[in-house]
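Take 0 as the starting number for the sequence shown in numbering that gives the first Met the number 0 and just add one per residue. To start, the structure under review is shown below, and the notes come after it.
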Amino acid sequence: MFDDLSTFVAARTYRGVDQTEAETVANLQKIQEEVRLQVEQFNEKQKVHKLVPFEWKKTINGREYWLFGVRVGSGSRRVALSSHLDTVPPGTLEGWEPFKLVKEQRTYFGREQEFYVGRGSIDDKGPALIAFNVLKAVARQYDGDSKLNGVTLEVLFDTSEETDMAMPYYLEDKPEENPDLGVIFDAMWCIRAEKGGERPVFTLKRGSAKPTGVWIESLDTPKGPANQIPESATAVIRSDSPEALKSFAQQVASLYQSHGFDDPAYRRAELSVDTSGLADNRLVLTTKVSGAQHGSAPDENREEGTNPLISLTNFLSAQVGTHLARNEISEMSRFITWSWGTQVFGEHHPDLLRRNDEVFKEGNGTTYAVTRFYTNPEGAPDIAARVEIDIRYALGHHSVAWDGKTEGLVGGKGTQSVFQDTFTKLLGQFPAEAGYTLEFQTRTVFPPDVRLPEGNAFQRVSHAFEQVLGEQCPRWAIGGGTDAKGNTNLIAAGALFTDKMGPPINYHGINEGAPVEDLRKSADILYTLLTDEVENAGKASSTVRPLFTPMHIAPDFH
Numbered sequence: 000m001f002d003d004l005s006t007f008v009a010a011r012t013y014r015g016v017d018q019t020e021a022e023t024v025a026n027l028q029k030i031q032e033e034v035r036l037q038v039e040q041f042n043e044k045q046k047v048h049k050l051v052p053f054e055w056k057k058t059i060n061g062r063e064y065w066l067f068g069v070r071v072g073s074g075s076r077r078v079a080l081s082s083h084l085d086t087v088p089p090g091t092l093e094g095w096e097p098f099k100l101v102k103e104q105r106t107y108f109g110r111e112q113e114f115y116v117g118r119g120s121i122d123d124k125g126p127a128l129i130a131f132n133v134l135k136a137v138a139r140q141y142d143g144d145s146k147l148n149g150v151t152l153e154v155l156f157d158t159s160e161e162t163d164m165a166m167p168y169y170l171e172d173k174p175e176e177n178p179d180l181g182v183i184f185d186a187m188w189c190i191r192a193e194k195g196g197e198r199p200v201f202t203l204k205r206g207s208a209k210p211t212g213v214w215i216e217s218l219d220t221p222k223g224p225a226n227q228i229p230e231s232a233t234a235v236i237r238s239d240s241p242e243a244l245k246s247f248a249q250q251v252a253s254l255y256q257s258h259g260f261d262d263p264a265y266r267r268a269e270l271s272v273d274t275s276g277l278a279d280n281r282l283v284l285t286t287k288v289s290g291a292q293h294g295s296a297p298d299e300n301r302e303e304g305t306n307p308l309i310s311l312t313n314f315l316s317a318q319v320g321t322h323l324a325r326n327e328i329s330e331m332s333r334f335i336t337w338s339w340g341t342q343v344f345g346e347h348h349p350d351l352l353r354r355n356d357e358v359f360k361e362g363n364g365t366t367y368a369v370t371r372f373y374t375n376p377e378g379a380p381d382i383a384a385r386v387e388i389d390i391r392y393a394l395g396h397h398s399v400a401w402d403g404k405t406e407g408l409v410g411g412k413g414t415q416s417v418f419q420d421t422f423t424k425l426l427g428q429f430p431a432e433a434g435y436t437l438e439f440q441t442r443t444v445f446p447p448d449v450r451l452p453e454g455n456a457f458q459r460v461s462h463a464f465e466q467v468l469g470e471q472c473p474r475w476a477i478g479g480g481t482d483a484k485g486n487t488n489l490i491a492a493g494a495l496f497t498d499k500m501g502p503p504i505n506y507h508g509i510n511e512g513a514p515v516e517d518l519r520k521s522a523d524i525l526y527t528l529l530t531d532e533v534e535n536a537g538k539a540s541s542t543v544r545p546l547f548t549p550m551h552i553a554p555d556f557h
């Protein structure tokens, strides 16, 4: 397992930042070739039922969608395990070698456990390899058994789940290959609901007036997906007075440490002050991330870590009028501070922003992760500042109410959130300074997706879980968006046995790690599920097709 996963992790399969699409595809093809070689080697010892590789590609609206996989069996009933091989970008931190898999001991569930650490180890290359190995084990177990003639088992590898998801397009293009039961092996055991997804962008137009005194020249996060809390935020401070800039540089660390955020218990990000450029009229302030980095879990990040962008914008906006002059960057920082402060559930404007319900309960309602801030964004010469936010929203922020009994996408494919109206009202209430034009665009990426724990797909997966662990599968309602969306015969489940995404797992984060025991237990559950399906293939109906409304996921969402 470790050696094979090392090969998978070594392939740099993230998109954007410093890598071209051609490079990403070439690296994914390396993994595909490794899978092909393993299939050939495995089949040498199979007498009857051989593993069969397959792939699907289709260009849609100028973009190529691609997934591949492996099958065994020949029955009309299909049971699938689906994972993905693309990852989020690696991030940067001294000592973090994202593409070199290592073993570490980390404290997890109150005791020291072995972890495999590397980009993709838990999201989702480790689970992908587990699914592949489980399929091989079942194929070996039933080689030559006629029961495999009653079912087709397959493992699917999505190649763009972190960006635009090939799986929904594949299912729509190949209805005859839709699984009767599928596990999206890319979360935790077991998911009964996923929040809706919204992606707003706020911009401030460039003004003509130039600031005087000391001002923020730029504030930027590293380029990256909006569904990842940034590893850092950096502000460059300038002045028309060398003495004034030097004076601010001497005070800024103490000002930061004494700054009163909106919550006395708030954990501020570590701030570094670089004065090496003072002779060139340049002061650089940088904050660093800690804790969970998945955009769907800003609450967990806030509980145990910190968002560096939130710390820096809240602090800098408070210095305007005393130590800093007002400009577009400070005004955008003030908007962030006024709208959300350091909070993630919309506490500053609960009438507009805060929602929870019977599925996404108190403490698990609509969340807001302010993840990207770009000064002078490319291709927009009239824009001075751009901010991107990852919103995972509860039922109360959707335009259609859930009826409490229908599984799948609430309201169906294409239904919208209420955020267009919400943000129009929010901007109407914001006390903007004269001369600054703040605008927004927002789009609903997908509606909430709710499943019934007593539903057929959930029950079949839960039954396998209970056989292995002797207890009912948990029923998580999460913010993360998976390939299960829109298809009621797909259930997101595994490989984790916790809903915590921060340390020691660091989902989407620096030092991402997979708890080996979770992977092993997950393998046992999947093996039990597939063997149950083989044994029951003759009894199961293959005529009931899923309630399927395929979701076409927009880029960089997960």
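By construction, the Cβ of each residue, glycine as well, lies at the ideal position given by its N, Cα and C atoms. Here the structure is a predicted model, which is why all the values come from computation and not from measurement.
When the options are compared against residue i, the one with the closest alpha-carbon
{"i": "Arg-118", "options": "Asn-132, Gly-94, Arg-105 and Val-87", "result": "Val-87"}
{"i": "Asp-2", "options": "Tyr-141, Leu-170 and Ser-120", "result": "Ser-120"}
{"i": "Leu-277", "options": "Asp-261, Gln-292 and Pro-241", "result": "Pro-241"}
{"i": "Leu-394", "options": "Ser-246, Ser-416, Val-154 and Asn-486", "result": "Ser-416"}
{"i": "Val-101", "options": "Asn-280, Gly-512, Thr-530 and Asn-535", "result": "Gly-512"}
{"i": "Leu-293", "options": "Asp-122, Tyr-435 and Trp-339", "result": "For the sequence presented, residue 293 should be read as His rather than Leu. Nearest option by C-alpha distance: Asp-122."}
{"i": "Pro-97", "options": "His-83, Phe-7, Arg-301 and Pro-52", "result": "Phe-7"}
{"i": "His-347", "options": "Arg-354, Asp-356, Trp-337 and Leu-36", "result": "Trp-337"}
{"i": "Phe-156", "options": "Val-47, Gly-149 and Ala-165", "result": "Ala-165"}
{"i": "Thr-211", "options": "Phe-201, Pro-199 and Ser-238", "result": "Ser-238"}
{"i": "Ala-79", "options": "Lys-99, Ser-461, Thr-151 and Phe-359", "result": "Thr-151"}
{"i": "Gly-364", "options": "Gly-427, Pro-307, Pro-297 and Thr-341", "result": "Pro-297"}
{"i": "Gln-440", "options": "Leu-426, Ala-264, Pro-447 and Asp-448", "result": "Leu-426"}
{"i": "Val-116", "options": "Lys-99, Trp-214, Leu-525 and Ala-127", "result": "Lys-99"}
{"i": "Thr-274", "options": "Val-251, Glu-161 and Asp-172", "result": "Val-251"}
{"i": "Glu-303", "options": "Lys-499, Asn-326, Asn-42 and Lys-245", "result": "Lys-499"}
{"i": "Glu-93", "options": "Thr-220, Glu-230, Glu-357 and Ile-328", "result": "Glu-230"}
Beta-carbon contacts of residue i that lie in its chain and below 8 Å, excluding the five residues immediately before and after
{"i": "Asp-381", "result": "Lys-204 and Arg-205"}
{"i": "Glu-111", "result": "Gln-104 and Arg-105"}
{"i": "Glu-22", "result": "Arg-11"}
{"i": "Phe-429", "result": "Phe-334, Trp-337, Ser-338 and Leu-437"}
{"i": "Val-69", "result": "Val-34, Val-38, Leu-50, Val-51, Pro-52, Phe-53, Phe-131, Leu-134, Glu-153 and Val-154"}
{"i": "Tyr-506", "result": "Ile-121, Asp-122, Ala-291, Gln-292, His-293, Ala-296 and Met-500"}
Secondary structure of residue i, DSSP reduced to three states
{"i": "Ala-21", "result": "helix"}
{"i": "Pro-514", "result": "strand"}
{"i": "Gln-104", "result": "strand"}
{"i": "Phe-98", "result": "coil"}
{"i": "Asp-179", "result": "coil"}
{"i": "Ser-416", "result": "strand"}
{"i": "Arg-267", "result": "coil"}
{"i": "Met-550", "result": "Since pLDDT at Met-550 reaches only 46, below the 50 mark, its modelled position is unreliable, and the value read off the structure follows with that caveat. Coil at Met-550, not helix or strand."}
{"i": "Thr-12", "result": "coil"}
{"i": "Thr-220", "result": "coil"}
{"i": "Arg-205", "result": "coil"}
{"i": "Glu-242", "result": "helix"}
{"i": "Ile-504", "result": "coil"}
{"i": "Arg-562", "result": "Residue 562 lies beyond the range of the chain shown here (0 to 557); nothing can be said about it."}
{"i": "Pro-452", "result": "coil"}
{"i": "Leu-0", "result": "The question names Leu, yet the displayed sequence has Met at residue 0. Coil."}
{"i": "Asn-306", "result": "coil"}
{"i": "Gly-395", "result": "helix"}
{"i": "Val-78", "result": "strand"}
{"i": "Phe-41", "result": "helix"}
For residue j and residue i, believed in contact at Cβ under 8 Å, the rounded distance
{"i": "Arg-450", "j": "Arg-62", "result": "About 29 Å separates the two Cβ atoms, so there is no contact after all."}
{"i": "Ala-234", "j": "Leu-218", "result": "5 Å"}
{"i": "Val-319", "j": "Thr-305", "result": "Not a contact, Cβ separation roughly 22 Å."}
{"i": "Leu-180", "j": "Ala-456", "result": "6 Å"}
{"i": "Asp-291", "j": "Gly-508", "result": "Before going on, a small fix: residue 291 reads as Ala here, not Asp. Their Cβ separation, rounded to whole angstroms, is 7 Å, which keeps Ala-291 and Gly-508 in contact under 8 Å."}
{"i": "Thr-158", "j": "Leu-27", "result": "5 Å"}
Own chain residues within Cβ distance below 6 Å of residue i, not counting five before or after
{"i": "Trp-55", "result": "Leu-66 and Tyr-169"}
{"i": "Gly-223", "result": "Pro-88"}
{"i": "Leu-495", "result": "Met-187 and Asp-517"}
{"i": "Leu-558", "result": "With the chain represented from 0 up to 557, any question about residue 558 goes unanswered, as that position is not in the structure."}
{"i": "Leu-528", "result": "Ala-463"}
{"i": "Arg-385", "result": "Thr-202, Tyr-373 and Pro-376"}
{"i": "Ala-522", "result": "Ile-129 and Val-133"}
Other residues of its chain near residue i: CB distance less than 7 Å, five sequence neighbours each side excluded
{"i": "Glu-113", "result": "Lys-102, Gln-104 and Val-515"}
{"i": "Asn-313", "result": "Phe-260, Thr-336, Gly-340 and Thr-341"}
{"i": "Ser-540", "result": "With a pLDDT of 43 at Ser-540, under the threshold of 50, the modelled position of that residue is not reliable, and no figure is offered here."}
Quick check: the segment 244 to 260 against the segment 421 to 431, are at least 3 beta-carbon pairs closer than 8 Å? no
Taking 8 Å as the threshold, find out whether the segment 401 to 415 comes into contact with the segment 359 to 370 through three or more Cβ pairs. When C-beta atoms of the segment 401 to 415 are compared with those of the segment 359 to 370, fewer than three pairs fall below 8 Å, so the two segments do not count as touching.
Tell me, please, whether the segment 434 to 441 touches the segment 468 to 477 by the rule of three or more beta-carbon pairs shorter than 8 Å. no
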